[in-house]
Amino acid sequence: MRALLVALLFMAGLSPAIAGNVSTFELPNGLKAVVIEDHRAPVVVHMVWYKVGSADEQRGKSGIAHYLEHLMFKGTDTMAPGELSKTVAANGGSDNAFTSYDYTAYFQRIAADRLPLVMKMEADRMRNLRISPDDAKTELQVILEERSQRTDSNANALFSEQERAAQFLNSPYGTPVIGWRKEMEGLTRQNALDWYHEFYAPNNAILVVAGDVTPDEVKTLAEKYYGPLKPTEDLKPRARPQEPPQRAARHLTFKDDRIAQPYLMRSYLAPERNPGDQKTAAALTVLSEILGGNQATSVLGRKLIYGDGTAIYASSYYDGMSIDPTTFNISVMPAKDVTLPEAEKALDNALAQFLKDGIDPDQFARIKTQVKASEIYSRDNTQGLARRYGEALASGFSVQDVENWPDVLTSVTEADVMAAAKTLFQARESVTGYAEPVSATPTQASAPIAPPVTQEVTQ
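Residues -19 to -1, 1 to 440, numbered by mature numbering (1 follows the signal peptide of the UniProt record, and there is no 0), are exactly what the sequence shown covers, in order.
Structure follows, in structure tokens:
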């Protein structure tokens, strides 16, 4: 409701008190910076995004990006291991980091007058990290345990991992961000240091500062703390294995008694959101909402849940913010006494009927209003807005691309959505996965959830 109110205010020309005064600058050493002013509270979010993620890893060394993310908290010549986080907490702030396929990011949220403190510490570890052999060994065990807890002991996560690996024949997006266990076990301190020295440099980073600051204040501090850091002179452009043409539909069955209730996942290879040309991604974003954004009003919800009663849950998801082609995902949980093959057939029939009938005009108008409202409302969150710019710039987009996105979404037509759908739904570029218990009585009593769609690992 609040999102809709914000949207209506915006559309009426009554701009709500939201963050949005965005400016940029670049230091001589190549560090690019984005400043987002928001003076509603004396708080600041300070983020550094490195333009490197798990998809940039050398084959056979999966997990190194996330491993280094952990080691970045181990100190420098002037900071003891863990001191950065302790200092932030002692000053009433919070900090964390996360690794994805296309970037690795570090952030602090703290009182605005403490910005010099966190900027000094973050700049220090950008070029002066120290990793002892003992710290390297300890943290390796930490990430292995993290994999055990988040993936190996989670049947839904394992299923999602297997399906993603089946989707990508050659793209590194088929390798989990956290890494394959066997390869993680072989990671060394030197691997981490090599990764650090190659990619952690001001000319491979994006600084985002959002909150109760001015551009001049941020630039002065950035020049003081980040300015003296030397760039990496021989920084190579990203070069990744590309996905070949996919010529055969894939089907897999995952059996595990920790699966409380059977469900299926369908993924299609999908275009990414391209810098300067976001129209197709916008159409797919709207398509995702039309097909499975709302259980009661979406195409799949009305057909499979409230229509023929095939399913008790149906959803779709698409996020085009990636450097290389990504996926469009659909999940369906069959109703009692409905088999997975029957649910799959019902899904195929629903998609075929949608391609034949097209979009209901009333639903299309409602979806576009909701999508626009969501985009506008997201600007009401300073940290979320900082993240939006950081993720985009670290993935090769421009500030203008970020600013244009709501208008690109608004300009999407029914014809755009149907054209995108007809291009997307190619069986040869799909993977269908069944997740079900081995025995008739699963060991897990709680209801299952769809596998996570985010491909990000937090420290």
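For every residue, glycine included, the Cβ atom is placed at its ideal position computed from N, Cα and C.
In the structure shown, tryptophan 386 adopts helical secondary structure according to DSSP, grouped into three states.
The beta carbon of leucine 321 is closer than 7 Å to those of Pro243, Leu245, Pro315, Tyr415 and Glu417 in its chain, skipping five residues each way along the sequence. For arginine 239, the closest alpha carbon among the candidates Ser420, Leu272, Leu12 and Tyr48 is that of Ser420. Counting only residues of its own chain and dropping the five nearest sequence neighbours on each side, aspartate 115 has no CB closer than 7 Å to any other CB.
Residue pairing by DSSP leaves isoleucine 271 without any beta bridge partner.
Annotated three-state conformation of arginine 40 is coil, per DSSP. Residue Asn151 holds the alpha-carbon nearest to the alpha-carbon of aspartate 37 among Asp58, Asn151 and Val99.
With contacts defined as CB atoms closer than 7 Å, valine 280 and leucine 272 qualify as a contacting pair.
With distances taken between CA atoms, tryptophan 30 lies nearest to Ala367 out of Ala367, Lys353, Ala400 and Ala354.
For valine 16, same chain residues with a beta-carbon under 6 Å away, outside a window of 5 residues either side, are Ser4, Val190, Pro196 and Val199 in chain order. Partner residues in the beta bridge of tryptophan 30, as assigned by DSSP, are Ala86 and Ile187.
Leaving aside the five residues that flank isoleucine 112 on each side, the residues in its chain whose CB is nearer than 7 Å to its CB run, in chain order, Leu52, Lys55, Arg170, Ala173 and Leu174. Residue burial is scored here from C-beta neighbours: aspartate 258 has fewer than 16 other C-beta atoms within 10 angstroms and is therefore classed as exposed. Threonine 350 and alanine 277 have their C-alpha atoms spaced approximately 17 Å apart. The C-alpha of phenylalanine 79 lies about 10 Å from the C-alpha of valine 158. In the structure shown, isoleucine 91 adopts extended strand secondary structure according to DSSP, grouped into three states. No Cβ-Cβ contact shorter than 7 Å links alanine 182 with proline 225. Closest option to glutamate 103, judged by alpha-carbon separation, among Tyr87, Ala93 and Ile91: Tyr87.
By the beta-carbon neighbour count (other beta carbons within 10 angstroms, threshold 16), glycine 301 is buried.
Boundaries for arginine 21: no alpha helix (DSSP H) harbours it, and the DSSP string shows neither H nor E there. Within 10 angstroms of the beta-carbon of arginine 409 lie fewer than 16 other beta-carbons, which makes it exposed. Within the same chain, Leu52, Thr169, Arg170 and Ala173 come within 8 Å of alanine 117 by CB-CB distance, once the 5 residues on both sides are set aside. Counting other Cβ atoms within 10 Å of its Cβ, asparagine 2 stays below 16 and is therefore classed as exposed.
In its chain, beyond the 5 residues on either side, Ala182, Asn184 and Asn185 have a beta carbon closer than 7 Å to the beta carbon of leucine 216. Bounds of any alpha helix (DSSP H) do not take in tyrosine 287, whose DSSP letter is neither H nor E.
Distance from the CA atom of asparagine 385 to the CA atom of serine 392, rounded to whole angstroms, is 11 Å.
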